[in-house]
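First the structure, in the form of structure tokens, and then the observations on it.
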Amino acid sequence: MGIENMDIESGTETETANQANQIEIIYEDEHLVAINKEAGLLVHRSWLDKGETRFAMQLTRDAVGCHVFPVHRLDKPTSGVLLFAKSPAVARSLTEAFTAHKVTKQYLAVVRGFMSEQGSVDYALSFKPDAIADKFANLDKPAQEAVTHWQSLAQIELPFAVSKKHATSRYSLMRLTPETGRKHQLRRHMRHLFHHIVGDTSHGDGRHNRFFRTQYDCARMLLHAQTLALSHPVTGEPLLLKAGLDDQWMRIMEEFGWINSTED
Numbered sequence: 220m221g222i223e224n225m226d227i228e229s230g231t232e233t234e235t236a237n238q239a240n241q242i243e244i245i246y247e248d249e250h251l252v253a254i255n256k257e258a259g260l261l262v263h264r265s266w267l268d269k270g271e272t273r274f275a276m277q278l279t280r281d282a283v284g285c286h287v288f289p290v291h292r293l294d295k296p297t298s299g300v301l302l303f304a305k306s307p308a309v310a311r312s313l314t315e316a317f318t319a320h321k322v323t324k325q326y327l328a329v330v331r332g333f334m335s336e337q338g339s340v341d342y343a344l345s346f347k348p349d350a351i352a353d354k355f356a357n358l359d360k361p362a363q364e365a366v367t368h369w370q371s372l373a374q375i376e377l378p379f380a381v382s383k384k385h386a387t388s389r390y391s392l393m394r395l396t397p398e399t400g401r402k403h404q405l406r407r408h409m410r411h412l413f414h415h416i417v418g419d420t421s422h423g424d425g426r427h428n429r430f431f432r433t434q435y436d437c438a439r440m441l442l443h444a445q446t447l448a449l450s451h452p453v454t455g456e457p458l459l460l461k462a463g464l465d466d467q468w469m470r471i472m473e474e475f476g477w478i479n480s481t482e483d
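Just so you know, we're using this note's numbering here: the sequence shown kicks off at 220 and counts up by one.
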């Protein structure tokens, strides 16, 4: 009896460990691999998060059985398409494509308030250094050009007074397309427009973040890199990579009646 119990517990621990080390691969060939990065997962090791033990780069390497090279980045709280190269040469080609704005990135976001049907924000962003990663960087850099296009996909007005100024609260489901790739660009642009991304603890609105945590058990930032469109760096063929939404996102989509809102 005791041995059986020990076996069951050991098996459960092993299964849990295996699940923690899994990564969702959405595309792979001999040159590239793309994953659906979960929210809260760092792309690679960082001095800024010394306590972290799981990293997208290492998990992807273990899953595909070879070294992988990052060619762009997603913030730790952002989920979605993350692309790696399998060789330095392909990595250089992809990095050049990103730098030349030949890669189209589209994100989904839930923001506070109602935004217009579509529009653009052209607002330069100052350099925001990391305490350690940018220790030796030039802190006198001029603000960099930053452009983001948006499309409103759905809206909802809830009978909750999150702000003392309003008896209800409004939210919009947005498709955000950055033309440039500045640090925290989407989060900072939405704050600039007073349409903070829900769950953003650095550039968002704490009242709405707390409301989503308590009312909808949603503790993550609602920003998701849904698609990445580019030409394959070796074959030249068009490539569209798409990442599905996680359980917390889907709960919000179902609760708000937005399930079909992202279909083109």
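Even glycine gets a Cβ: it sits at the ideal position worked out from N, Cα and C.
Keep in mind that this is a model prediction, so the values were computed, not measured.
message = Under DSSP, the alpha helix (DSSP H) around L261 begins and ends at which residues?
response = Reading the sequence shown from its first residue, position 42 is the one you call residue 261. From DSSP, L261 is part of no alpha helix (DSSP H); its letter is neither H nor E.
message = For F274 and A304, what's the separation of their Cα atoms in angstroms?
response = Counting from 1 along the sequence shown, the entry for residue 274 is found at position 55. Counting from 1 along the sequence shown, the entry for residue 304 is found at position 85. When rounded, the distance between both Cα atoms is 16 Å.
query = Quick one: what's I375 bridged to in DSSP?
reply = Translated into the one-based positions of the sequence shown, residue 375 becomes position 156. Note: I375 sits in a beta bridge opposite Y390.
request  = Tell whether a beta-carbon distance below 8 Å holds between A343 and A310.
outcome  = Residue numbering aside, residue 343 sits at position 124 when the sequence shown is read from its first letter. Residue numbering aside, residue 310 sits at position 91 when the sequence shown is read from its first letter. Cβ atoms of A343 and A310: not closer than 8 Å.
request  = Might you give, ordered along the chain, the residues of its own chain that have their beta carbon closer than 7 Å to the beta carbon of V283, omitting 5 neighbours on each side?
outcome  = Taking the first residue of the sequence shown as 1, we reach residue 283 at position 64. Excluding its 5 nearest sequence neighbours in each direction, V283 has C-beta neighbours in its own chain below 7 Å: E247 and V252, listed in chain order.
Neighbourhood of H422 by C-beta, 8 Å cutoff - its chain only, sequence neighbours within 5 removed = Working through the sequence shown from its first residue, we reach residue 422 at position 203. Within the same chain, H422 has close Cβ partners H403, R406, R407, M409, R410, H415 and I416.
query = Comparing alpha-carbon positions, which option in G418, K321 and F346 lies nearest P452?
reply = Taking the sequence shown and counting its residues from 1, the one referred to as residue 452 is at position 233. Checking every option, the nearest Cα to that of P452 belongs to K321.
task = Tell me whether R426 is buried or exposed, calling it buried when 16 or more other Cβ atoms sit within 10 Å of its Cβ.
result = The residue you call residue 426 lines up with position 207 of the sequence shown. When all chains shown are included, R426 counts as exposed.
request  = Could you tell me whether the segment 377-395 touches the segment 311-320, where touching means 3 or more Cβ pairs closer than 8 Å?
outcome  = Remark: fewer than three beta-carbon pairs, one from each stretch, lie closer than 8 Å, so the segment 377-395 and the segment 311-320 are not flagged as touching.
request  = Provide the residue(s) that pair with A253 in DSSP beta bridges, ordered along the chain.
outcome  = Numbered from 1 along the sequence shown, position 34 holds the residue referred to as residue 253. For A253, which the question treats as bridged, DSSP gives the partners Y246 and L302.
inquiry  = Taking the alpha carbon of L441 as the reference point, which residue from A373, H250, A258 and I244 has its own alpha carbon closest?
reply    = Against the sequence shown, residue 441 aligns to sequence position 222. Checked all of A373, H250, A258 and I244; the closest Cα to L441 is A258.
task = Mind reading off the beta-carbon distance from I471 to V329? Whole number of angstroms is fine, and I expect it under 8 Å.
result = Sequence index remark: in the sequence shown, residue 471 carries index 252 (1-based). Sequence index remark: in the sequence shown, residue 329 carries index 110 (1-based). The Cβ separation is near 7 Å, so the contact holds.
key: Cβ pair L434, A462 closer than 8 Å   = Along the sequence shown, read from residue 1 onward, the residue named residue 434 stands at position 215. Along the sequence shown, read from residue 1 onward, the residue named residue 462 stands at position 243. In the sequence as presented, Leu is not what sits at residue 434; that position holds Gln. Taking 8 Å as the Cβ cut-off, Q434 and A462 do not qualify as a contacting pair.
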